[in-house]
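Only one structure is covered here, and it is reproduced in the block below.
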Amino acid sequence: MVFCFFQRAHEWVGLKERHANEFAEAKGYEKAQAGAQFYWRQRESLGELEQPERIAEIKREHAIRLAAERKRRPDRPLVELIGAALDAEDDEVGCNICHL
Numbered sequence: 000m001v002f003c004f005f006q007r008a009h010e011w012v013g014l015k016e017r018h019a020n021e022f023a024e025a026k027g028y029e030k031a032q033a034g035a036q037f038y039w040r041q042r043e044s045l046g047e048l049e050q051p052e053r054i055a056e057i058k059r060e061h062a063i064r065l066a067a068e069r070k071r072r073p074d075r076p077l078v079e080l081i082g083a084a085l086d087a088e089d090d091e092v093g094c095n096i097c098h099l
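Per numbering that gives the first Met the number 0, the very first residue in the sequence shown carries number 0; after that it's consecutive.
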């Protein structure tokens with residue numbers, strides 16, 4: 000499985016762009032079952048997230064956070080900067096499994 004509850008918005012966009020089949024599989028799990036609706040993300044469905052305007056917004060916000068992290072600590076490697084930018088999203092903190 001290549002998706003989890005702790006993925007941040009920018010990670011979902013990356014999944015959609017690089018692994019469309021897996022994104023579609025994750026999106027398929029969001030269908031209502033027994034009258035209950037399930038979403039991977041707390042504030043939006045993957046159908047909402049994949050709208051072009053929303054993807055552009057997510058990418059723009061990520062670039063701003065990444066630039067701020069790069070300015071704050073220019074000596075850090077890129078992988079740490081990206082991690083800090085993702086952690087700065089207004090989302091749940093990512094799980095440790097992805098960072099192993």
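Ideal Cβ positions, reconstructed from N, Cα and C, are used throughout, including at glycine.
The beta carbon of residue 58 lies closer than 8 Å to those of 9, 12 in the same chain, with the five residues before and after it left out. Residue 84 sits away from residue 60, with the two beta carbons spaced by 7 Å or more.
In the DSSP assignment, residue 11 falls within the unbroken alpha helix (DSSP H) covering 8-17.
Of the residues assessed, residue 72 falls on the exposed side of the cut-off, its CB having fewer than 16 other CB atoms within 10 angstroms. C-alpha of residue 52 to C-alpha of residue 63: approximately 17 Å in a straight line. Here DSSP, grouped into helix, strand and coil, assigns residue 87 to coil.
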